[in-house]
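Participant: Below are the structure tokens for one structure; questions will follow.
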Ligand code: AMP
Ligand code: MG
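Right under this line is the structure:
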């Protein structure tokens with residue numbers, strides 16, 4: 010029975026609730042009316058001892074729809090502040106997110122949070138709700154990122170309800186139940202720094218170190234720590250995780266859309282999916298958020314913005330870590346860490362083996378070629394694995410090869426590499442240079458090389474139009490499209506027979522989709 014299941018039996022640690030009361034407000038959720046479970050995820054459930062049969066129980070739906078508290082948990086909203094679009098915004102906080110508690114699961118500790126479960130003291134003028142449209146986007150994106158192996162908050166369940174919510178129009182209300190080891194943000198630190206509150210900053214930083222970065226407690230052998238030295242080490246660790254996350258985002262064409270400091274996870278997770286987007290045609294200046302007129306959060310700008318956000322975190326930590334020089338040194342590790350990760354991952358994507366002199370020009374020229382030809386981001390890398398080598402020079406041959414490799418598919422929806430470029434000659438010329446490089450030092454067999462490329466270049470990403478189709482069906486009460494899409498997104502490197510449509514380039518109407526902050 011559910012009541013006796015691990016979910017209820019597992020210890021609730023509630024470590025964030027053990028912090029002093031000024032870090033949060035205890036506030037109950039406001040239940041949704043007639044909630045319907047749209048989807049719940051088996052793999053995420055397993056992290057906290059849930060099994061698929063539990064998802065059907067009333068007790069589970071009651072918890073994830075905000076109708077019942079988590080037994081043993083503490084329901085609360087956390088306070089934080091932040092910079093929004095580069096401007097100090099002051100106090101923000103969980104305006105529509107309730108933390109239900111922290112579960113010591115069979116696979117680590119997980120905080121369970123409901124997004125859209127009603128107002129909190131931090132709602133300002135908001136209603137504390139989320140709409141089905143944006144909730145499905147967050148649910149799908151969390152699973153897409155997870156499937157791609159990119160650090161993210163995990164989506165446990167999504168429920169929709171009878172309640173209506175007013176945005177530009179009247180929309181269906183929904184809740185996403187999501188999990189992470191912690192939802193602490195850069196903005197959680199900025200909040201106390203802005204109040205010049207070293208005592209609270211110390212409590213928060215020590216909490217984060219103790220729970221998630223215990224290695225920061227260790228000083229260099231034989232060298233006594235200077236005051237605040239462990240917070241410098243914390244910054245260094247967060248810089249490293251954030252730089253790695255940026256490289257991963259960049260190399261799947263992911264744009265977050267709202268990289269405000271309150272949406273930056275202290276654990277280096279992708280957090281708060283709003284007007285995000287995976288690029289279709291490559292454009293370095295791609296802006297996924299219709300509201301971001303200046304393009305502050307365009308694709309090419311993301312690493313720079315992450316660095317700027319880390320600078321705000323460093324500024325906050327400076328209140329308790331007086332050694333500004335050491336903080337600056339920690340910030341300066343961002344660039345080399347990011348570029349190193351880009352190189353390593355790019356050489357895997359292209360099947361180059363170890364990075365060599367001259368590879369940078371080859372890669373830069375590929376980006377330029379993609380940009381000039383509006384080549385599809387995902388398919389360019391994926392189809393390069395199938396592109397013909399110098400032993401089979403005809404660019405036309407690779408279509409047959411794709412047909413052969415994707416047995417059971419027509420190949421019609423998945424174009425060969427050179428067909429992704431309007432200027433086919435330029436693509437063939439680049440391909441020639443690429444093969445020269447690859448074959449100048451063959452380290453593995455062509456088959457092994459191809460397999461390794463296919464293992465890091467996804468065939469399926471959450472294209473906006475695919476999300477839109479799933480949303481429109483769900484708004485009519487049909488959740489099959491959400492389930493079908495999840496299937497390919499959860500294992501995006503594997504070809505799924507009969508699901509080629511999910512790998513296809515967007516139809517013409519897709520360019521008209523506008524994604525804004527409205528959610
Ligand atoms: P976001 O840009 O979605 O990260 O949100 C920025 C801030 O606005 C956060 O403090 C959110 O909790 C808050 N917020 C966004 N939408 C709502 C809403 N519908 N009701 C209350 N607060 C909201
Ligand atoms: Mg947010």
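Numbering (my numbering), first residue to last: 10 to 528. Glycine included, every Cβ here is placed at the ideal spot set by N, Cα and C. Keep in mind that this is a model prediction, so the values were computed, not measured.
For a cutoff of 8 Å on Cβ pairs, would you count residue 30 as touching chain D?
Facilitator: No chain D is part of this structure, which consists of one protein chain only.
Participant: Measuring only the C-alpha atoms, how far is residue 323 from residue 201?
Facilitator: 13 Å
Participant: Below 8 Å on the Cβ atoms is my contact criterion, and I expect residue 152 with residue 50 to pass it. Report the Cβ-Cβ distance as a whole number of Å.
Facilitator: 7 Å
Participant: Count the other CB atoms within 10 Å of the CB of residue 405; is the residue buried (16 or more) or exposed (fewer)?
Facilitator: Legend: pLDDT at residue 405 = 48, less than 50; position of this residue unreliable, value from coordinates given subsequently. With fewer than 16 other Cβ atoms within 10 Å, it is exposed.
Participant: With a Cβ-Cβ cutoff of 8 Å, do residue 316 and residue 343 count as a contact?
Facilitator: yes
Participant: Three Cβ pairs or more, each shorter than 8 Å: is that satisfied between the region 456-473 and the region 122-140?
Facilitator: no
Participant: What residue range does the beta strand (DSSP E) around residue 479 cover?
Facilitator: First-last for residue 479: 473-484, but that is the alpha helix (DSSP H), not the beta strand (DSSP E).
Participant: Where the beta carbon is closer than 6 Å to any heavy atom of the ligand MG, which residues qualify, in chain order?
Facilitator: 271, 272, 281
Participant: Leaving out the 5 sequence neighbours to the left and right, which residues in its chain are closer than 8 Å to residue 403 when beta-carbon positions are compared?
Facilitator: Residue placement at residue 403 cannot be trusted, given a pLDDT of 48 that sits under 50; the coordinates are not used to answer.
Participant: Within the present structure, is the beta-carbon of residue 58 separated from the nearest heavy atom of the ligand AMP by less than 7 Å?
Facilitator: no
Participant: For residue 385, does the count of other Cβ atoms within 10 angstroms reach 16, so buried, or fall short, so exposed?
Facilitator: With 16 or more other CB atoms across the displayed protein chains lying within 10 angstroms of its CB, residue 385 is buried.
Participant: Do residue 378 and residue 426 have their beta-carbon atoms positioned less than 8 Å apart in this structure?
Facilitator: no
Participant: Return the chain-ordered list of same chain residues with a C-beta closer than 8 Å to the C-beta of residue 314, the five sequence neighbours on each side being excluded.
Facilitator: 268, 305, 306
Participant: Which residues mark the beginning and the end of the beta strand (DSSP E) in which residue 322 is found?
Facilitator: Where residue 322 is concerned, there is no enclosing beta strand (DSSP E), although the alpha helix (DSSP H) it sits in stretches over 311-326.
Participant: Quick one: does the C-beta of residue 267 sit closer than 7 Å to a heavy atom of the ligand AMP?
Facilitator: yes
Participant: May I ask which residues mark the beginning and end of the beta strand (DSSP E) holding residue 92?
Facilitator: 90-93
Participant: Based on Cα-Cα distance, which residue from 249, 196, 286, 332 lies nearest to residue 271?
Facilitator: 196
Participant: Can residue 439 and residue 375 be called in contact, C-beta distance under 8 Å?
Facilitator: yes
Participant: Please report the residue range of the alpha helix (DSSP H) in which residue 214 lies.
Facilitator: 207-221
Participant: Going by CA-CA distance only, name the one from 451, 69, 136 that's closest to residue 360.
Facilitator: 451
Participant: For residue 247 versus residue 275, is the C-beta spacing smaller than 8 Å?
Facilitator: yes
Participant: Less than 8 Å between the beta carbons of residue 103 and residue 87, yes or no?
Facilitator: Contact flag set, yes.
Participant: Starting from residue 110, follow its DSSP beta bridges and name the residues at the other end.
Facilitator: Partner residues in the beta bridge of residue 110, as assigned by DSSP, are 121.
Participant: How big is the Cα-Cα spacing for residue 421 and residue 132?
Facilitator: With a pLDDT of 41 at residue 421, under the threshold of 50, the modelled position of that residue is not reliable, and no figure is offered here.
Participant: Using only the alpha-carbon positions, how far apart do residue 516 and residue 288 sit?
Facilitator: 14 Å
Participant: From this set, 162, 480, 295, 260, which residue's C-alpha is nearest residue 389's C-alpha?
Facilitator: 260
Participant: So is the beta-carbon of residue 301 under 7 Å away from any non-hydrogen atom of the ligand AMP?
Facilitator: no
Participant: Under 7 Å from any heavy atom of the ligand AMP, does the C-beta of residue 113 make it?
Facilitator: no
Participant: For residue 18, write down the residues that DSSP places opposite it in a beta bridge.
Facilitator: Bridge pairing for residue 18: absent [DSSP].
Participant: Between residue 383 and the rest of its own chain, which residues show a CB-CB distance below 8 Å, the 5 nearest in sequence each way excluded?
Facilitator: 290, 291, 292, 431.
Participant: With H, G and I counted as helix, E and B as strand and the rest as coil, what does DSSP make of residue 181?
Facilitator: strand
Participant: List in chain order: all unbroken alpha helix (DSSP H) runs of 4+ residues lying wholly within the region 131-187.
Facilitator: 141-157
Participant: Could you pull the start and end residues of the beta strand (DSSP E) that residue 462 belongs to?
Facilitator: From DSSP, residue 462 is part of no beta strand (DSSP E) but of the alpha helix (DSSP H) over 455-463.
Participant: With DSSP as the reference, label residue 450 as helix, strand or coil.
Facilitator: Residue 450 falls in the coil class under three-state DSSP.
Participant: Three-state secondary structure (DSSP) at residue 43?
Facilitator: coil
Participant: How is residue 265 classed by DSSP in three states: helix, strand or coil?
Facilitator: coil
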